[in-house]
Structure formats: C-alpha cells, structure tokens
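Have a look at the structure below, then the notes.
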Amino acid sequence: MNVTALRRALGNSLVQAFLVVVGLIWLTPLAGLLLSSLRSTEDTARGGWWTALTGPGQLSFDNYSALLGNSGITQAFWNTVLISVPTTVLVVVIAALAGYAFAWLDFPGRDPLFLLVVALLVVPVQIGLLPVAKLFGQLGLFGTIPGVVLFHVSYGLPFAIFLLRNYFAEMPKEMLEAARMDGGGEWRIFTRLVLPVGRPAIASLAIFQFLWVWNDMLVALLFADSSAQPLTVELQSQIRQFGSNIDVLAPGAFLSLIVPVAVFFAFQRHFVQGVMAGSVK
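This is the structure in structure tokens:
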C-alpha cells in the first residue's frame with residue numbers, strides 16, 4: 074500500500090470514527106429516555122438512568138402498563154395521529170396538484186399567484202394565531218381537531234407548493250410533450266408520469282410535514298381544547314400538574330419521540346434527496 078492510499082484509508086477511518094461518535098452522542102438522550110421509561114419511580118429517585126446498565130433488574134414494562142391505563146395520554150396519542158396523518162395527506166395532495174399547475178399549466182395570473190405563495194413563506198405563524206382563532210370561533214372550529222388540521226394545512230401549503238413546483242419544473246419538457254403527443258391528458262400525465270418521477274420530493278415533503286405537525290405544541294396549545302389536545306400538550310399539562318409522576322411521563326415522552334424518529338430514519342434517503350433536488354431550480 075503506497076503512502077497516498079494509506080492516507081486515504083486513515084482519513085476514511087477517522088471520518089467514520091467521528092461519525093460513529095457523533096451518532097452515539099446524538100442517540101444518548103434517546104437511550105436515556107428509554108431506560109428511564111422502563112424504571113420505577115423508586116429506582117429513578119435513587120440514581121440516574123445509567124445505573125440500569127449495571128443493574129438490568131430495574132427494567133420492566135410496568136410503566137407502559139400504567140401508560141395504557143392513563144386515559145388522558147392514550148387519547149392524546151390518538152388525537153396526535155388524527156391531526157398529523159390527515160394534515161400530511163391534505164398538504165401533499167393539494168401541493169402536488171398546485172405544484173404541477175404552477176410548473177406546467179398556462180392559466181391567467183399564474184406567475185403573480187406563485188409570487189404570492191413565495192411571499193407567504195416569510196409570514197410567521199404567530200401573526201395568524203389570534204385572527205384565525207377568532208375566525209374559527211365564529212365558524213365553530215375553535216378547539217376541535219378539524220380546526221387544528223385546517224390551520225396546519227393552510228400554513229404548510231406555501232412551503233409545500235414551493236418545493237414541489239421547483240421539483241416538477243426541473244422535469245424535461247420533452248418528456249411531457251411526448252406524453253401529450255401520445256394522447257395523454259393532463260390528469261393522466263400527472264398521475265402516471267409526474268407523480269412517479271417526483272416521488273423523492275413528495276416523500277421528503279410528507280416526512281417534513283408529518284414531523285412538524287407531530288412535534289407541534291404552539292398551535293395545538295391555542296386551537297385544541299381538552300378533548301382534542303395532542304400528546305405534546307397533554308405531557309406538558311401532566312408535568313405541570315403532577316411533576317413527580319415520572320412513571321407515566323417518561324414512557325409518554327418516549328412514545329412521542331420514537332414515532333417521528335422511526336419515520337425519519339425509515340425515509341431519510343428520500344428526505345435528503347427530495348429537499349436537495351427541490352431547493353435549486
């Protein structure tokens with residue numbers, strides 16, 4: 074092995090070792106939360122979660138049994154699902170249709186409308202909280218799951234349309250023209266050609282939107298009442314009311330964390346590929 078190859082091998086090894094160390098540091102809080110969720114309140118009071126590494130007898134699933142018996146947290150979990158999944162589906166479907174229209178269809182006012190969509194990207198979500206809350210109160214949507222979903226959809230669409238429009242606009246024009254010459258209508262071209270080619274951007278958008286809504290607390294704290302509040306609000310409420318009930322809070326927090334982590338790791342390749350491709354025209 075020559076000197077150049079040796080340096081390259083050492084360099085790759087150092088980079089890989091550094092990435093492993095960073096990964097372990099990043100996963101340490103997750104591991105700590107998992108071990109804490111498997112320990113009793115007495116064991117938690119006697120020492121930190123790392124003591125479970127030398128005393129695995131501390132670990133049990135009793136806390137998760139207590140969690141399933143906590144109606145507030147279980148209901149909040151399903152509320153989170155009922156908010157996150159419909160929001161993600163609506164944002165992806167509407168943004169895909171609008172992105173295709175802005176990229177390849179000619180209609181009056183197309184460019185000004187797209188500029189308006191881009192301008193909405195810089196509007197902070199905090200500006201619309203009170204006016205929309207007042208509007209939802211008049212419409213009977215305030216405090217309900219549909220109201221939370223509608224708010225997330227409306228504020229998620231500008232970025233979603235911007236991302237998919239840029240990605241769709243990069244597709245070869247000749248490919249779409251050939252499909253039209255073969256007799257394909259716009260709907261057929263969209264469903265059979267554009268959607269399969271745009272799968273990385275669509276997948277990355279779905280992941281981004283799901284993670285954003287699942288972890289949201291600000292919008293839910295204002296727009297959801299006690300029967301519609303998601304897991305983030307319920308955990309915050311239980312911390313405020315029962316600061317010592319770690320046997321319920323720890324597994325609840327781990328449940329709230331593991332779902333978005335699992336979704337991200339399962340589709341991270343699509344996430345990175347789609348964001349990088351859609352961010353540059």
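Using this note's numbering, the first residue of the sequence shown is number 74, and each one after it goes up by one. Even glycine gets a Cβ: it sits at the ideal position worked out from N, Cα and C. Bear in mind the structure is a predicted one, so any value in this text is a computation, not a measurement.
Residue i vs residue j beta-carbon contact at 7 angstroms
| i | j | result |
| --- | --- | --- |
| glycine 201 | glutamine 282 | no |
| valine 154 | histidine 225 | no |
| alanine 233 | alanine 274 | no |
| aspartate 289 | glycine 216 | no |
| alanine 252 | leucine 268 | no |
Helix, strand or coil at residue i according to DSSP, with G and I counted as helix
| i | result |
| --- | --- |
| threonine 297 | The question names threonine, but residue 297 is alanine in the sequence shown. Residue state, collapsed to three classes: strand. |
| tryptophan 122 | helix |
| glycine 142 | coil |
| glycine 216 | strand |
| methionine 290 | coil |
| glycine 182 | coil |
| valine 195 | coil |
| glutamine 89 | helix |
| phenylalanine 33 | The chain is shown only over 74 to 354; residue 33 falls outside these bounds and no answer can be derived. |
| threonine 38 | No information on residue 38 is available, as it lies outside the stretch 74 to 354 that the chain covers here. |
| glutamate 243 | coil |
| alanine 339 | helix |
| proline 303 | coil |
| threonine 264 | helix |
Identity of the residue in the options nearest residue i by Cα
| i | options | result |
| --- | --- | --- |
| valine 195 | Val166, Leu214, Phe235 | Phe235 |
| glutamate 243 | Met254, Val221, Gly271 | Gly271 |
| glycine 145 | Val334, Ala301, Val332 | Ala301 |
| glutamine 148 | Pro102, Val205, Ile218, Leu266 | Ile218 |
| glutamine 131 | Thr114, Val162, Asn143 | Thr114 |
| asparagine 152 | Ser329, Leu126, Val336, Ala339 | Ser329 |
Neighbourhood of residue i by C-beta, 6 angstroms cutoff - its chain only, sequence neighbours within 5 removed
| i | result |
| --- | --- |
| valine 292 | Phe224 |
| tryptophan 122 | Gly105, Leu108, Ser109 |
| phenylalanine 187 | Phe175 |
| leucine 178 | none |
7 angstroms CB neighbourhood of residue i in its chain, flanking five on each side removed
| i | result |
| --- | --- |
| proline 324 | Ser110, Asn136, Tyr137, Leu140 |
| valine 190 | Pro231, Ile234, Phe235 |
Whole-number beta carbon distance between residue j and residue i, since they are thought to touch under 8 angstroms
| i | j | result |
| --- | --- | --- |
| leucine 304 | phenylalanine 150 | 5 angstroms |
| isoleucine 262 | leucine 249 | 6 angstroms |
| valine 91 | glycine 172 | According to the sequence shown, residue 91 is phenylalanine rather than valine. With a Cβ gap of about 38 angstroms, phenylalanine 91 and glycine 172 do not count as contacting. |
| valine 222 | threonine 160 | 5 angstroms |
| alanine 276 | phenylalanine 340 | 6 angstroms |
| phenylalanine 296 | phenylalanine 209 | 7 angstroms |
8 angstroms CB neighbourhood of residue i in its chain, flanking five on each side removed
| i | result |
| --- | --- |
| phenylalanine 180 | Ala174 |
| lysine 354 | Any reading at lysine 354 needs caution, since the residue's pLDDT is 43, under 50, leaving its predicted position unreliable; the model's value is listed next. Correct list, in chain order: Asn239, Ala242, Glu243. |
| alanine 125 | Leu108, Leu111, Arg112, Asp116, Gln131, Leu132 |
| alanine 326 | Leu106, Ser110, Leu308 |
| valine 165 | Ala233, Ile275, Leu278, Ala279, Gln282 |
| glutamate 247 | none |
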